[in-house]
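First the structure, in the form of structure tokens, and then the observations on it.
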Amino acid sequence: MKTQLHLQDADSFYEQLLDAHQGLSSAQSELFNARLILLLANQVGDGRVLQECLTAARIATEAAPT
Amino acid sequence: MDSAPAASQATAFTNDYEFSKGGYDLPTYPFVAPPELGSKTAVRHPIVIVGAGITGLTMACALARQGIAAVVLDEDNSVGVKGASSRGICYTQKSLEIFQRLGIYDRIAAKGIQWSVGRTFAGNDEVYSFDLRQQSSFQLSAQPPFINIQQFYIEGFLVQRIQELGHVDLRWGSRVAGFTQQDGFATLTVDTPQGSYQIEAEHVVDASGSHTPFHRWCDAAMQSRRGDDRWCIADVRFKNLPPTERHTWIEAPFNDNRAVWQHLMADDVWRIDYQMEPDADPALVSSEAEVHKRLRRQFGPDVECEIVWVGPYAYRSQCLDALHIGSVYFMGDTAKIVSPFGARGGNTGVADADNLAWKLAAVLRGRAPAALLESYNQERLEAAQQNVQVTNRTARFLRPADGMERVFRTAVIGLARQHPFARQLVNTGRMAVANPYSQSAICESSGGLSVQNVFFHWVDGSPGCVNDLIQWADGRLLLLVFGDQSAQALQRLAELTRHAPVRCVQVLGADTRRQSLETVRDPQGHLQGACHVFGHAWALVRPDAYLAATGEAVDSALVRAVEHALALA
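Note that the protein sequences, when read in sequence, are chains A and B. Residues 1 to 66, numbered by the working numbering, are exactly what the first sequence covers, in order. Residues 67 to 635, numbered by the working numbering, are exactly what the second sequence covers, in order.
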């Protein structure tokens with residue numbers, strides 16, 4: 001799993017991501033995120049990397065306040 | 067000269083500022099009745115600058131340095147803001163390089179504070195830090211990455227410098243109350259303590275700030291955005307100083323988990339910015355009692371400090387669709403307004419002024435046609451739009467909309483504690499840079515980048531810097547040719563410098579033999595690196611230390627680049 005920045009233009013992507021959610025209801029936003037995760041996972045492909053990403057997301061979730 | 071009496075009177079005033087209860091005592095400059103007052107005929111001036119803030123004074127000083135006459139009109143009789151605190155506090159390497167060329171850098175360096183370390187916190191955890199000194203991009207310039215200093219000090223130094231240089235008529239207590247424009251010139255009505263007069267101008271530079279009347283007078287179209295984010299800005303003098311670093315909190319426990327900025331200035335004054343509740347009542351959140359309460363929460367119950375100034379801010383952004391309308395050029399806050407994240411306000415105004423000043427000088431000296439001035443809009447509008455976009459992204463990170471925007475920010479902060487990549491997404495301000503020009507008709511695709519003020523060696527071995535060469539070129543283009551040149555190339559260069567406003571320097575390694583050109587040595591390749599070229603190459607540098615173009619062979623492409631750079635073809 002890459003932990004260093006790999007995005008070509010991180011601020012620009014972050015803006016696009018937020019813009020993509022604009023005007024969506026919270027249910028639509030959740031579904032959007034689910035579809036996006038599946039699309040991006042298919043770009044990654046590698047099973048071991050995906051497993052590490054799942055674990056990292058889980059750890060960060062448990063550490064952060066909800 | 068008309069301005070001579072004003073200059074000699076004003077130099078009797080010092081540039082010393084004193085603390086008094088509630089702020090600084092700023093220097094004042096006297097109103098001196100201009101010759102137009104009481105005269106029936108309006109005098110036409112080549113350049114009238116409206117506003118003696120950092121942008122207008124940089125413009126005036128850059129013109130004065132080139133011997134170009136201008137009139138500056140300012141409604142106030144002082145630098146800074148009545149009230150009185152600093153607006154901008156943080157000056158970039160590019161601005162400092164410009165100030166070095168103008169001759170006030172040493173005064174700024176002596177008064178200001180250098181810093182290079184920034185730290186960002188979420189809650190009690192440091193999320194990331196940077197040290198600009200370790201970033202090679204900043205290292206080679208004669209100027210540091212940043213100096214923090216109250217804006218009015220720089221403005222005061224510029225006034226001093228303009229008075230030393232002459233050529234510019236600084237008119238204080240002079241408010242522009244009316245404006246009309248015809249083909250080729252504008253007429254301004256100026257109100258003064260001793261009555262009104264009219265003045266004509268071939269070129270009007272509007273540097274009068276965010277409340278400019280020129281937008282209305284010129285029917286200027288613009289894009290604006292106003293959010294509900296509210297901040298309280300407190301300038302504070304501490305008995306025990308915090309570290310000389312820039313600290314930012316995304317979620318500060320001592321500010322109800324809202325953002326806080328902690329940044330320093332000269333005279334041991336610190337600027338602390340507190341993010342408030344959305345749509346908070348400005349009078350309440352910026353009361354001194356409230357600020358003292360917040361300071362005790364942040365620095366401990368025993369903190370000893372004096373509040374120099376406190377005020378509420380509602381950030382907004384605005385950008386004109388065009389920075390040039392008829393005879394009027396918009397610059398600084400009249401061109402665009404950004405939230406003050408990353409020092410992209412005042413520094414952009416300084417660069418606006420430096421961009422237009424050399425072009426106006428070239429046109430007025432007959433070295434370039436008026437068409438050159440169109441590139442001001444192309445280049446500085448691109449810079450304005452980029453700065454608005456970058457600061458709006460920061461504003462959005464710091465005040466996310468409820469719902470998914472806030473969820474993503476929480477996710478970023480959570481991941482950032484462990485994973486370096488997510489730290490790059492934490493956006494507490496992207497520090498200002500010299501904006502590149504990608505859409506300029508006067509830059510080739512190889513140009514448009516800023517050239518750092520790096521060092522080289524003169525032939526006698528003594529050190530020089532890029533600004534020395536620009537000074538030597540005296541408003542002309544500066545052509546640097548790297549390495550040995552063929553006899554044919556030497557002949558072409560001689561011809562080019564004979565027919566066009568270009569001065570040429572050959573840049574050689576430590577031991578290479580000199581040829582029939584002016585020569586400097588670049589043993590470590592710093593000059594070459596600053597010009598973004600390698601090996602045998604040439605770089606065409608403009609008076610604002612931007613590249614017009616670079617290339618390899620001394621051929622017709624170089625000639626075309628020179629023509630484009632001055633809008634000659």
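Each residue gets a CB set at the ideal place from its N, CA and C atoms; glycine is no exception. Keep in mind the model is a prediction, meaning the values are calculated, not measured.
Starting from D257/B, trace the beta strand (DSSP E) both ways and give me its first and last residue. Counting from one through the second sequence, the residue named residue 257/B turns up at place 191. 251–258 is the extent of the beta strand (DSSP E) around D257/B.
Are there three or more Cβ pairs, one per stretch, closer than 8 Å when the stretch 156–167 of chain B is compared with the stretch 248–265 of chain B? no
C-beta neighbour in chain A for H523/B, strict 8 Å: Residue numbering aside, residue 523/B sits at position 457 when the second sequence is read from its first letter. Answer no: the Cβ-Cβ gap between H523/B and chain A never drops below 8 Å.
Anticipated Cβ contact below 8 Å, I174/B with R227/B, distance rounded: Along the second sequence, one-based indexing puts residue 174/B at 108. Along the second sequence, one-based indexing puts residue 227/B at 161. Not really, about 11 Å apart at Cβ, beyond 8 Å.
Residue-chain proximity (E15/A, chain B), Cβ-Cβ < 8 Å: Within the first sequence, numbered from 1, the residue matching residue 15/A stands at position 15. So yes, E15/A belongs to the interface.
Taking C-beta pairs closer than 8 Å, name the residues in chain B that Q4/A reaches, listed in chain order. On the first sequence, residue 4/A is found 4 positions in, with the first residue counted as 1. Result: P486, F487.
Looking at the unbroken beta strand (DSSP E) that takes in G377/B, where does it start and where does it end? In the second sequence, counting from the first residue as 1, residue 377/B sits at position 311. Run containing G377/B: 371–386, per the beta strand (DSSP E) assignment.
Helix, strand or coil for Q328/B? Go by DSSP, reduced to three states. As a position in the second sequence, residue 328/B is number 262, starting the count at 1. Three-state DSSP puts Q328/B in a strand.
Cβ of N443/B less than 8 Å from any chain A Cβ? Indexing the second sequence from 1 puts residue 443/B at position 377. Not an interface residue.
C-beta atoms of V116/B and V242/B nearer than 8 Å: Stepping through the second sequence from its first residue, residue 116/B is reached at position 50. Stepping through the second sequence from its first residue, residue 242/B is reached at position 176. It is a contact, given that the beta carbons lie within the stated cut-off.
Could you have a look at L426/B and say whether DSSP puts it in helix, strand or coil? Residue numbering aside, residue 426/B sits at position 360 when the second sequence is read from its first letter. Correct three-state label for L426/B: helix.
Interface flag, E471/B vs chain A, CB-CB below 8 Å: For the purposes of this step, residue 471/B is taken as the residue at position 405 of the second sequence. Closer than 8 Å to some Cβ of chain A, the Cβ of E471/B qualifies, so yes.
Beta carbon proximity, Q490/B to chain A, threshold 8 Å: Stepping through the second sequence from its first residue, residue 490/B is reached at position 424. So, interface residue.
How close, in whole Å, do the beta carbons of E618/B and H602/B come, if the pair is a contact with beta carbons under 8 Å? The count along the second sequence starts at 1 and reaches residue 618/B at position 552. The count along the second sequence starts at 1 and reaches residue 602/B at position 536. 6 Å between Cβ atoms; contact.
Run through chain A and tell me which residues come within less than 8 Å of N493/B, C-beta to C-beta. Translated into the one-based positions of the second sequence, residue 493/B becomes position 427. By Cβ distance, chain A contributes D11, Y14.
Can you list, in chain order, the residues of its chain whose CB lies under 6 Å from that of G530/B, leaving out five sequence neighbours each side? Sequence index remark: in the second sequence, residue 530/B carries index 464 (1-based). If we look at G530/B and ignore the five residues flanking it on each side, its Cβ neighbours are F522, W524.
Whose Cβ in chain B lies nearer than 7 Å to the Cβ of A60/A? In the first sequence, the residue the question calls residue 60/A occupies position 60. Chain B residues near A60/A: G480, L481, Q484.
Provide the residue span of the alpha helix (DSSP H) that contains D172/B, from first to last. Taking the second sequence and counting its residues from 1, one reaches residue 172/B at position 106. Counting along the chain, the alpha helix (DSSP H) containing D172/B begins and ends at 171–177.
Can the beta-carbon of N519/B be found less than 8 Å from the beta-carbon of V532/B? Taking the first residue of the second sequence as position 1, residue 519/B is located at position 453. Taking the first residue of the second sequence as position 1, residue 532/B is located at position 466. Yes, they are a contact pair.
Going along the chain, which residues of its own chain have a beta-carbon closer than 7 Å to the beta-carbon of E629/B, five neighbours each way excluded? The residue labelled residue 629/B in the question sits at position 563 within the second sequence. Only A635 meet the Cβ criterion.
State buried or exposed for W538/B, treating a residue as buried only when at least 16 other CB atoms are found within 10 Å of its CB. As a working note, residue 538/B is residue 472 in the second sequence. Classification for W538/B: exposed.
Looking at the C-beta of R459/B, does it have a partner C-beta in chain A at a distance below 8 Å? Numbered from 1 along the second sequence, position 393 holds the residue referred to as residue 459/B. With 8 Å as the cut-off, R459/B counts as an interface residue toward chain A.
Which bits of chain A does F474/B rub up against, with CB to CB less than 9 Å? Locating residue 474/B in the second sequence gives position 408, counting from the first residue. Ordered by position in chain A, the residues that pass the 9 Å Cβ test against F474/B are Y14, L17, L18, H21.
Would you kindly report the start and end of the unbroken alpha helix (DSSP H) that includes W538/B? Position 472 of the second sequence, counted from the start, is the residue given in the question as residue 538/B. That run of the alpha helix (DSSP H) goes 532–539.
Between the C-alpha atoms of Q4/A and A482/B, what's the straight-line distance to the nearest angstrom? The residue given as residue 4/A occupies position 4 in the first sequence. The residue given as residue 482/B occupies position 416 in the second sequence. Looking at the two C-alpha atoms, the distance is approximately 11 Å.
For A56/A, which residues in chain B fall below 9 Å Cβ to Cβ? In the first sequence, the residue the question calls residue 56/A occupies position 56. Those within 9 Å of A56/A in chain B are L481, Q484, H485.
Can you tell me the Cα-Cα spacing of W297/B and A349/B, whole angstroms? Locating residue 297/B in the second sequence gives position 231, counting from the first residue. Locating residue 349/B in the second sequence gives position 283, counting from the first residue. Taking the straight line joining both Cα atoms gives about 12 Å.
Among residues of its own chain, excluding the 5 on either side of F204/B, which ones have a beta-carbon nearer than 7 Å to its beta-carbon? Numbered from 1 along the second sequence, position 138 holds the residue referred to as residue 204/B. Within the same chain, F204/B has close Cβ partners Q159, L198, P211.
Contact residues within the stretch 494–517 of chain B, judged by C-beta distance below 8 Å to chain A: R496
Buried or exposed by the 16-neighbour rule on C-beta atoms within 10 Å, applied to K359/B: Stepping through the second sequence from its first residue, residue 359/B is reached at position 293. Flag for K359/B reads exposed.
Hey, quick one: how far does the beta strand (DSSP E) through N214/B stretch, first residue to last? Here residue 214/B corresponds to residue number 148 of the second sequence, with the count starting at 1. N214/B -> beta strand (DSSP E) spans 212–214.
Residue nearest to P101/B in terms of C-alpha spacing, selected from L624/B, A461/B, Q264/B, A287/B: Position 35 of the second sequence holds residue 101/B. Taking only the C-alpha atoms, the option nearest P101/B is Q264/B.
Which residue wins for smallest C-alpha separation from C371/B, given the options I179/B, N443/B, A300/B, A252/B? As a working note, residue 371/B is residue 305 in the second sequence. Of I179/B, N443/B, A300/B, A252/B, the residue nearest in Cα terms is A300/B.
Taking 8 Å as the CB-CB limit, is R462/B close to chain A? Within the second sequence, the letter at position 396 stands for residue 462/B. It does; some Cβ of chain A falls within 8 Å.
For the beta strand (DSSP E) that G293/B lies in, which residues bound it at each end? Reading the second sequence from its first residue, position 227 is the one you call residue 293/B. Start and end: 288–304.
Got a sec, what are the start and stop residues for the alpha helix (DSSP H) R433/B sits in? As a working mapping, residue 433/B is identified with position 367 in the second sequence. Neither: R433/B is in no alpha helix (DSSP H) and is coded neither H nor E.
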